[in-house]
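Accompanying notes for the structure given below.
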Amino acid sequence: MSAGIYLHIPFCKSRCSYCDFATDVLRSNDAVERYVDAICSEIRNSKFEIRNSTDSIYFGGGTPSLLNPAQVKKILNSVFSEFSVATNSEITMEMNPATVTPESLAAYRALGVNRASFGVQTFDDHALKLLARGHDANDARATFQMLREAGFDNVSFDLIAGLPGQTLDAWEQNLDEAIAMSPEHLSLYLLEIHEGTPLAEQLRSNRQPTPDPELAAEMYEIMLDRLAVAGYEQYEISNFSKRGRESRHNSKYWTLDPVFGFGVSAHSFDGRERYANERDTAKYVELIEQQTSAETNRESIDIASEYVFLGLRLEEGIDRSQYTERFGEDLIGKYQSEIERLLDSDLIEINNNRIKLTRKGKLFSQRGFCRVCLVDRVIPIFGARSDRRVWF
Ligand code: SF4
Numbered sequence: 001m002s003a004g005i006y007l008h009i010p011f012c013k014s015r016c017s018y019c020d021f022a023t024d025v026l027r028s029n030d031a032v033e034r035y036v037d038a039i040c041s042e043i044r045n046s047k048f049e050i051r052n053s054t055d056s057i058y059f060g061g062g063t064p065s066l067l068n069p070a071q072v073k074k075i076l077n078s079v080f081s082e083f084s085v086a087t088n089s090e091i092t093m094e095m096n097p098a099t100v101t102p103e104s105l106a107a108y109r110a111l112g113v114n115r116a117s118f119g120v121q122t123f124d125d126h127a128l129k130l131l132a133r134g135h136d137a138n139d140a141r142a143t144f145q146m147l148r149e150a151g152f153d154n155v156s157f158d159l160i161a162g163l164p165g166q167t168l169d170a171w172e173q174n175l176d177e178a179i180a181m182s183p184e185h186l187s188l189y190l191l192e193i194h195e196g197t198p199l200a201e202q203l204r205s206n207r208q209p210t211p212d213p214e215l216a217a218e219m220y221e222i223m224l225d226r227l228a229v230a231g232y233e234q235y236e237i238s239n240f241s242k243r244g245r246e247s248r249h250n251s252k253y254w255t256l257d258p259v260f261g262f263g264v265s266a267h268s269f270d271g272r273e274r275y276a277n278e279r280d281t282a283k284y285v286e287l288i289e290q291q292t293s294a295e296t297n298r299e300s301i302d303i304a305s306e307y308v309f310l311g312l313r314l315e316e317g318i319d320r321s322q323y324t325e326r327f328g329e330d331l332i333g334k335y336q337s338e339i340e341r342l343l344d345s346d347l348i349e350i351n352n353n354r355i356k357l358t359r360k361g362k363l364f365s366q367r368g369f370c371r372v373c374l375v376d377r378v379i380p381i382f383g384a385r386s387d388r389r390v391w392f
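Heads up: the sequence shown at position 308 corresponds to 308 in our numbering, and the numbers run straight through without jumps.
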């Protein structure tokens, strides 16, 4: 089982109104240099047991494309010196519009970055302003063109549905434009409102219309239909790809493969326990510079219930035999009455020994992550927790 490596780069040009990630507005290259040295130091001093066989490296953020190529090279060299990285590894970098140039993209490619996860979010300029994204739709179009010209043949778009005031027509236009641009992968999310963000405050004070969950549900259904017709396969609740272009890295989270995270707020899973780093960038850097662990939180998990919780997000669902092999008990026998109830409600189906969400089940699960909807009712009956973000 190959591990994944996650590298968190917290810097952004500005802060989007809905964002609650661990990010910092980029103030100086010195701060970035110091952070890069810290993350390299954390990688070199890590005590992870599984050091052989890594086949995915993921620069997430934040906006990793604000790093210059020399900084990316420094971090990658640290990973290559500590982990045995497979030659065919997927190396992904999250990028935002208007943060790259043809030269920087060519340099990232030369360093081995072979996949771009591109934060488009919407092609609607009005909505981009509302979200304080710091770029317009033409920036997104131009950056995508640059990615192609630089030879990136594995590009993922992020799009958000259910924005305040967003109509079905507007959502369909977004989908149409994304499909016409033909990225290899699409990650499509419903807007999450996080307490403490400017957007939450705008909604509370009625300066923006509150998103309508029923409309968002319709958007999700339209998206499923449109993308299927366009040849994208849904392999996870929020993720769609052309055949063979699933995200290797993100799939590791859903199949409970080990992922080792470095950097501020990075999360790791070693196959038994999850742990997370300090969430404040300045504190993280100080801790690492003092050669102290930046870990703030460690927990053992109930692997069997996480396996179900995450497996239900996947299009292929959970293989009953594999579950028995891995955990020594029969999934259906263990949860018989709950499973019967979910079958009766048309939320799950069982085919060829696989348990998976129906379209209705997916819809409620998707809604659940932004509105604490049915996931809180469906998933906990399998004994898993529902308060964790599971996409990254
Ligand atoms: S670009 Fe992404 S990480 Fe940065 S502030 Fe916006 S939503 Fe947050």
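Think of the CB as a built atom: it goes at the ideal place given N, C-alpha and C, for glycine as much as any other residue.
In this text the structure is predicted, and so the values were computed from the model without any measurement.
I'd like to confirm something about residue i: is its beta-carbon nearer than 7 Å to some heavy atom of the ligand FMN, or not?
{"i": "N96", "result": "The ligand FMN is absent from the structure shown, which contains only the ligand SF4."}
With DSSP run on the structure shown, which of helix, strand or coil describes residue i?
{"i": "T122", "result": "coil"}
{"i": "C370", "result": "Model confidence at C370 stands at a pLDDT of 30, short of 50, so the residue's coordinates are unreliable and nothing is read from them."}
{"i": "V285", "result": "helix"}
{"i": "H267", "result": "strand"}
{"i": "N29", "result": "helix"}
{"i": "D346", "result": "coil"}
{"i": "G361", "result": "helix"}
{"i": "Y232", "result": "coil"}
{"i": "R298", "result": "strand"}
{"i": "A200", "result": "helix"}
{"i": "V79", "result": "helix"}
{"i": "C12", "result": "strand"}
{"i": "Y253", "result": "helix"}
{"i": "K47", "result": "coil"}
{"i": "D280", "result": "coil"}
{"i": "E324", "result": "This sequence places Thr at residue 324; Glu is not what is there. If DSSP states are grouped into helix, strand and coil, T324 belongs with the helices."}
{"i": "E90", "result": "strand"}
{"i": "R109", "result": "helix"}
{"i": "R272", "result": "coil"}
{"i": "S205", "result": "coil"}
{"i": "D319", "result": "strand"}
{"i": "D24", "result": "strand"}
{"i": "R34", "result": "helix"}
{"i": "R226", "result": "helix"}
{"i": "A3", "result": "strand"}
{"i": "I339", "result": "helix"}
{"i": "A116", "result": "strand"}
{"i": "Y18", "result": "coil"}
{"i": "I237", "result": "coil"}
Return the CA-CA distance between residue i and residue j, expressed in angstroms with no decimal places.
{"i": "T197", "j": "S17", "result": "6 Å"}
{"i": "T358", "j": "V259", "result": "29 Å"}
{"i": "L256", "j": "N239", "result": "17 Å"}
{"i": "G244", "j": "N206", "result": "44 Å"}
{"i": "A217", "j": "K47", "result": "44 Å"}
{"i": "E33", "j": "Y307", "result": "39 Å"}
{"i": "Y335", "j": "S251", "result": "25 Å"}
{"i": "V79", "j": "S247", "result": "20 Å"}
{"i": "D24", "j": "R15", "result": "8 Å"}
{"i": "L175", "j": "L227", "result": "8 Å"}
{"i": "F59", "j": "K356", "result": "31 Å"}
{"i": "G231", "j": "D30", "result": "45 Å"}
{"i": "H135", "j": "M1", "result": "40 Å"}
{"i": "A178", "j": "V229", "result": "13 Å"}
{"i": "F21", "j": "I193", "result": "12 Å"}
{"i": "G311", "j": "E236", "result": "9 Å"}
{"i": "N351", "j": "Q322", "result": "14 Å"}
{"i": "I301", "j": "G271", "result": "9 Å"}
{"i": "N68", "j": "S268", "result": "26 Å"}
{"i": "I75", "j": "S305", "result": "35 Å"}
{"i": "E233", "j": "S241", "result": "5 Å"}
{"i": "E286", "j": "T292", "result": "9 Å"}
{"i": "L26", "j": "L186", "result": "27 Å"}
{"i": "L363", "j": "D225", "result": "13 Å"}
{"i": "A3", "j": "S56", "result": "7 Å"}
Whole-angstrom Cβ separation of residue i and residue j, contact assumed at under 8 Å?
{"i": "R341", "j": "E316", "result": "Contact flag wrong, Cβ pair sits at about 23 Å."}
{"i": "V120", "j": "F157", "result": "5 Å"}
{"i": "R313", "j": "L331", "result": "Going by Cβ atoms, the distance from R313 to L331 rounds to 16 Å, so no, they are not a contact pair."}
{"i": "S117", "j": "T143", "result": "About 12 Å; that fails the 8 Å criterion."}
{"i": "R298", "j": "Y275", "result": "4 Å"}
{"i": "A70", "j": "E289", "result": "Actually they do not touch by this definition, with Cβ atoms about 20 Å apart."}
{"i": "L168", "j": "L215", "result": "7 Å"}
{"i": "L105", "j": "M146", "result": "6 Å"}
{"i": "A98", "j": "D124", "result": "Incorrect: roughly 16 Å between the Cβ atoms, too far for contact."}
Give a yes or no on whether 8 Å exceeds the smallest Cβ distance from residue i to chain C.
{"i": "A98", "result": "No chain C is present in this structure, which holds just one protein chain."}
Entirely within the stretch 139 to 193 and at least 3 residues each: give me those beta strand (DSSP E) ranges in chain order.
155 to 161 and 185 to 190
Is it the case that the stretch 277 to 285 contacts the stretch 216 to 227, given that we only count it when at least three CB pairs across the two stretches are under 8 Å?
no
Meets three-Cβ-pair contact criterion under 8 Å: the stretch 81 to 90 and the stretch 121 to 136
no
Quick test of the definition: if touching needs 3 or more C-beta pairs under 8 Å, does the stretch 54 to 71 touch the stretch 6 to 13?
yes
At least 3 beta-carbon pairs within less than 8 Å: the stretch 162 to 172 vs the stretch 134 to 153:
no
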